[in-house]
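Here the structure comes first, spelled out in structure tokens, and everything after it is commentary.
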Amino acid sequence: MSIFKNTAEKIARRILNNLLNKHARRVEFHNMESANHIGILFDTNQIENNCIVSDFYRDLKNQGYKINVAGWYTGTDIPKKPLNTLDFTYFSELDSNWKGIPHTYEISEFFKQKFDILFVLTQSEELPIQYIISLSPAAFKVGAKAKNADYLDFMIELKKNASIKELIQDSISYLSEIKKN
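What follows is the structure in structure tokens.
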């Protein structure tokens with residue numbers, strides 16, 4: 001990492017921490033029964049993730065949930081959007097300003113959504129992902145126990161080298177079993 005990029009990232013992380021100190025968010029537990037609007041944030045850098053998330057999206061859509069999906073990728077080639085998935089948005093580091101804040105219209109709209117549940121299907125520590133996870137107004141954030149878990153409300157402990165398919169299955173299983181009063 002270049003000196004400029006390293007310095008910019010340190011400044012950006014400090015800015016993020018300042019924003020988090022001012023960020024007021026009310027956590028509200030939701031299970032699969034009480035949720036209506038679901039967000040999915042995932043990493044498209046593993047090709048199979050697109051298919052797995054596309055299937056997850058279709059399953060939830062068929063159950064009547066309102067769904068929005070954002071996929072993170074590295075490089076310049078935008079991943080091929082799965083068929084019949086208009087609610088998918090893709091973004092990369094190129095779609096962020098120097099502070100790591102995603103600034104395209106599509107990802108800004110995703111970022112502002114007050115999801116009942118936000119499924120975080122990535123353990124990426126990339127700054128744009130951290131901004132979205134940490135500052136999202138989602139009522140309940142679910143994901144794998146990892147370094148970015150500080151921003152989650154419900155963490156799933158995964159086995160070493162587990163796929164996002166297992167994370168999805170475990171998340172749905174727990175959120176289906178837990179009852180909301």
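Reminder that position 173 of the sequence shown reads as 173 in the working numbering, one-by-one numbering, no gaps. Where is the CB? At the ideal position from N, CA and C, for every residue including glycine.
In the DSSP assignment, find the alpha helix (DSSP H) that holds residue i and state where it starts and stops.
i      : result
Leu135 : 127–135
Leu167 : 164–177
When the distance is taken between beta carbons, is residue j closer than 9 angstroms to residue i?
i      : j      : result
Lys61  : Ile67  : yes
Ile129 : Phe111 : no
Glu157 : Lys145 : yes
Phe91  : Ile107 : yes
Leu152 : Val120 : yes
Met32  : Ile172 : yes
Leu127 : His30  : no
Trp72  : Ser2   : no
Pro79  : Thr104 : no
Ser134 : Asp150 : yes
Which of helix, strand or coil does DSSP assign to residue i?
i      : result
Asp43  : strand
Leu152 : coil
Ile144 : Reading off the sequence, residue 144 comes out as Ala, not Ile. DSSP places Ala144 in strand when its eight states are reduced to three.
Leu158 : coil
Could you tell me the boundaries of the beta strand (DSSP E) in which residue i lies?
i      : result
Phe115 : It is not in any beta strand (DSSP E) - Phe115 carries neither H nor E in the DSSP assignment.
Taking 8 angstroms as the line, does the beta carbon of residue i fall inside it for any heavy atom of the ligand GTP?
i      : result
Ser108 : The ligand GTP is not part of this structure, which contains no ligands at all.
Legend entry - Contact the stretch 4–22 vs the stretch 31–49: 3+ CB pairs below 8 angstroms: no
Inset, instruction - Could you tell me whether the stretch 116–126 touches the stretch 140–157, using the rule of 3 or more Cβ pairs below 8 angstroms? - result: yes
Inset, instruction - Let me know the beta strand (DSSP E) ranges lying completely inside the stretch 46–110, each 3 residues or longer, listed in chain order. - result: 66–72, 88–91
Legend entry - Given 8 angstroms, three or more beta-carbon pairs between the stretch 40–51 and the stretch 11–26: no
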